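Asker: Could you have a look at this structure, given as structure tokens, before my questions?
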Amino acid sequence: MTLLSERDQQQVADAIARIEQETDAELVTVLATRADDYTYVSLVWAGLIALLVPGLINYYPLWLDAHQLLLAQWLTFIGVGLLFRIPAVTSRLVPRSVRHWRAGNLARRQFLERELHRTEGGTGVLIFVAEAERYVEILVDHGISSRLGDETWAAIVQAFTEAVKRGETLQGFLTCIDACGQHLRTHVPLTHTRNELPDRLVILP
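This is the structure in structure tokens:
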């Protein structure tokens with residue numbers, strides 16, 4: 001995960017504060033290291049490969065007895081399981097559609113847990129990033145979606161996703177917040193001063 005210093009995180013918070021001075025929207029940013037640890041994936045692969053051990057031993061006769069064969073299977077299961085727990089390896093085993101599905105689910109949980117659905121006028125905006133999955137999503141409540149369609153956010157999400165791929169997560173956040181602000185200032189202008197939700201960047205391990 002890209003390490004964001006306290007100074008980096010403060011830059012994100014300051015960017016949100018500036019935008020919220022000109023709009024009724026309540027922005028919350030969340031950065032997740034990964035959407036899931038995918039433990040089940042490593043276990044499934046380890047189990048399947050361990051089951052192949054007897055066949056490989058029969059193909060290359062090693063004359064193992066039943067106890068030695070069982071030990072070989074267990075060692076294979078443990079070794080492969082540990083290997084496939086390495087994030088860089090795991091990410092190559094999990095289909096992109098599954099990774100994005102898990103990330104999308106986490107984004108929606110965060111929208112509810114951060115109480116973005118409880119803002120005055122339904123003006124909550126979540127900017128969510130799952131870094132390992134290289135997944136970016138912007139979720140908005142009804143007060144925003146009634147004025148701005150999904151197509152508004154598509155180009156912003158695409159640009160942010162490319163920044164995450166390049167390892168430029170901080171700059172991606174700052175650019176994304178500024179781009180969102182341009183739309184929000186116009187379509188959801190400030191009517192009265194309020195700050196219902198924290199401006200800080202939420203980091204999930």
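FYI, the numbering for the sequence shown is 1 to 205, going by the UniProt record's numbering. A virtual CB, placed ideally from N, CA and C, is assigned to each residue, including glycine. Note that the coordinates shown come from a computational prediction; the quantities given were computed from them, not determined experimentally.
At 4 residues or longer, what runs of the alpha helix (DSSP H) sit wholly inside the stretch 144 to 187?
Answerer: If we require 4 residues or more, the alpha helix (DSSP H) runs fully inside the stretch 144 to 187 come out as 151 to 165 and 169 to 187.
Asker: Does the beta-carbon distance from L27 to I156 come in below 8 angstroms?
Answerer: No, the Cβ-Cβ distance between L27 and I156 is not below 8 angstroms.
Asker: By Cβ distance below 6 angstroms, which residues in the same chain neighbour E196 in space, the five residues on each side in sequence not counted?
Answerer: Correct list, in chain order: E26 and T119.
Asker: Grouping DSSP H, G and I as helix and E and B as strand, with all else coil, what is I49?
Answerer: Helix, per DSSP.
Asker: From V94 to R85, what distance separates their C-alpha atoms?
Answerer: Those two C-alpha atoms are separated by around 12 angstroms.
Asker: For Y38, count the other beta carbons within 10 Å of its own beta carbon; 16 or more makes it buried, fewer makes it exposed. Which is it?
Answerer: Label assigned to Y38: buried.
Asker: So is W74 buried or exposed if we call it buried at 16+ other beta carbons inside 10 Å?
Answerer: Counting Cβ neighbours within 10 Å, W74 comes out exposed, since fewer than 16 surround it.
Asker: Might you give, ordered along the chain, the residues of its own chain that have their beta carbon closer than 7 angstroms to the beta carbon of A13, omitting 5 neighbours on each side?
Answerer: Only D199, R200 and L201 meet the Cβ criterion.
Asker: Please report the Cβ distance between A35 and E133, rounded to the nearest whole angstrom; I am assuming they are in contact, meaning their Cβ atoms lie under 8 angstroms.
Answerer: Sure, about 5 angstroms apart at Cβ, within 8 angstroms.
Asker: By a C-beta neighbour count over all protein chains shown, 10 Å radius and 16 as the cutoff for buried, is E131 buried or exposed?
Answerer: Looking at its Cβ environment, which holds 16 or more other Cβ atoms inside 10 Å, E131 is buried.
Asker: Buried or exposed: which applies to V188, given that a residue is buried once 16 or more other Cβ atoms fall within 10 Å of its Cβ?
Answerer: Counting Cβ neighbours within 10 Å, V188 comes out buried, since at least 16 surround it.
Asker: Taking all protein chains shown into account, decide if I19 is buried (16 or more other Cβ within 10 angstroms of its Cβ) or exposed.
Answerer: With 16 or more other Cβ atoms within 10 Å, it is buried.
Asker: I'd like the span of the beta strand (DSSP E) that includes E26, first residue to last.
Answerer: Where E26 is concerned, the enclosing beta strand (DSSP E) stretches over E26 to A32.
Asker: Which residues mark the beginning and the end of the beta strand (DSSP E) in which E137 is found?
Answerer: Taken as a continuous stretch (DSSP letters only), the beta strand (DSSP E) holding E137 covers Y135 to V140.
Asker: Would you please state the rounded distance, in angstroms, between the beta carbons of T33 and L204? I believe it to be under 8 angstroms.
Answerer: Rounded, the Cβ-Cβ distance is 7 angstroms, consistent with contact.
Asker: Can you round the beta-carbon distance between C180 and V129 to whole angstroms, since I take them to be within the 8 angstroms contact cut?
Answerer: Not confirmed; about 14 angstroms, so no contact.
Asker: What does DSSP give as the partner residue(s) for V129 in the beta ladder?
Answerer: Paired residues: L31 and V136.
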